[in-house]
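S.K.: This is the structure I want to talk about, given as structure tokens.
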């Protein structure tokens, strides 16, 4: 309902807040650093969107990613319906890179990106952000890596001396578990691509069969078959009438000489008659 808890918390509001270029630079760099840390330490995410990010502009290093356990539990991503149509996305890391592009769009405009790919961006998006989006929203090819995005001039941010990077060590069982998660995620993406391709092929065939040209062609085929069937039926009936006429014709000589009935005491053998 419109007055419900979830609508009040997640529903659209009258005020739309956009981030300026400096805020986009800071947030974008911190998000990329967090993603790079996860994948550098053999962890996974795959659920990047604005609802899973905590930040505070009053603090320097305040970015926090939520719902990291979703990938472990096998929960589908929010943007699964978008990147499933993109053949060049095969890993959870590429899913997060694509989601990062959608997040940049949302930070710049205050609204979610309505389509899977954008070729012409609104003028409200700063030009440096448009350059990044043009590398992520591509119809085909290869997505940039997290390291390549961090090397972009837009995300060259100097942190304070209090920011420390550390290495996370996992035992053998944990590494095997995350490897299995990565393998299953890759298989699910491949299955999504196969199903979508089959559905698109089925839709293309259906549209072709329902087109006016195809309907006209099938109508002509039916008319041709009906005409051929009619001609075959007429030819068969003519042949049948001729055969019946030939079967009822009688020899006139045979009809003019009726057969004679022999008396009962008459012998058929003429040689036995005595004169």
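Numbering (the numbering used here), first residue to last: 1192 to 1466. Ideal placement from N, C-alpha and C gives every residue a C-beta, glycine not left out. Here the structure is a predicted model, which means the values were calculated and not measured.
Tell me residue 1245's beta-bridge partners as DSSP assigns them.
M.R.: Taking the chain shown and counting its residues from 1, one reaches residue 1245 at position 54. Partner(s): 1255.
S.K.: Just to confirm the assignment, what range does the alpha helix (DSSP H) spanning residue 1319 have?
M.R.: Walking along the chain shown from the start, residue 1319 turns up at place 128. First-last of the alpha helix (DSSP H) with residue 1319: 1318-1327.
S.K.: Which residues bound the alpha helix (DSSP H) around residue 1332?
M.R.: Start at 1 with the first residue of the chain shown, and residue 1332 comes out as number 141. That residue, residue 1332, is in no alpha helix (DSSP H); it is neither H nor E in DSSP.
S.K.: Taking a contact to mean a Cβ-Cβ separation below 8 Å, would you say residue 1243 touches residue 1256 in this structure?
M.R.: In the chain shown, the residue the question calls residue 1243 occupies position 52. In the chain shown, the residue the question calls residue 1256 occupies position 65. In this structure, residue 1256 lies closer than 8 Å to residue 1243 by Cβ.
S.K.: Using DSSP with H/G/I as helix, E/B as strand and the rest coil, what is residue 1310?
M.R.: Start at 1 with the first residue of the chain shown, and residue 1310 comes out as number 119. If DSSP states are grouped into helix, strand and coil, residue 1310 belongs with coil.
S.K.: Buried or exposed for residue 1411, going by 16 or more other Cβ atoms inside 10 Å?
M.R.: Within the chain shown, the letter at position 220 stands for residue 1411. That one is exposed.
S.K.: Does any heavy atom of the ligand ADP sit closer than 7 Å to the C-beta of residue 1392?
M.R.: Summarising the ligand content, the structure contains no ligands, and the ligand ADP is consequently not present.
S.K.: When the Cα atoms are used, what is the spatial distance from residue 1326 to residue 1254?
M.R.: To locate residue 1326, count along the chain shown from 1; it is residue 135. To locate residue 1254, count along the chain shown from 1; it is residue 63. Distance between the alpha carbons of residue 1326 and residue 1254: 24 Å.
S.K.: State the start and end residues of the unbroken alpha helix (DSSP H) segment that holds residue 1260.
M.R.: Start at 1 with the first residue of the chain shown, and residue 1260 comes out as number 69. Residues 1260-1264.
S.K.: For residue 1446, I'd like the list of residues in its chain whose CB is within less than 7 Å of its CB, leaving aside the five on either flank, ordered along the chain.
M.R.: Position 255 of the chain shown, counted from the start, is the residue given in the question as residue 1446. Because the pLDDT of residue 1446 is 49, which lies under 50, any placement of that residue in the model is unreliable, and the number read from its coordinates should be weighed accordingly. Closer than 7 Å at Cβ, skipping near neighbours: no residue.
S.K.: Quick one: any contact between the stretch 1296-1304 and the stretch 1207-1214, if contact means 3 or more CB pairs under 8 Å?
M.R.: Taking 8 Å as the limit for Cβ pairs, the verdict is that the stretch 1207-1214 does touch the stretch 1296-1304.
S.K.: Going by Cα to Cα distance, which pick from 1282, 1295, 1236, 1385 is closest to residue 1470?
M.R.: Residue 1470 is absent from the structure shown; the chain starts at 1192 and stops at 1466.
S.K.: Residue 1275 to residue 1312, Cα distance in whole Å?
M.R.: Here residue 1275 is taken as the residue at index 84 of the chain shown, counted from 1. Here residue 1312 is taken as the residue at index 121 of the chain shown, counted from 1. Roughly 22 Å separates the two Cα atoms.
S.K.: Sort 1425, 1221, 1361 by Cα distance to residue 1349 and report the nearest one.
M.R.: Translated into positions along the chain shown, residue 1349 becomes position 158. Closest by alpha carbon: 1221.
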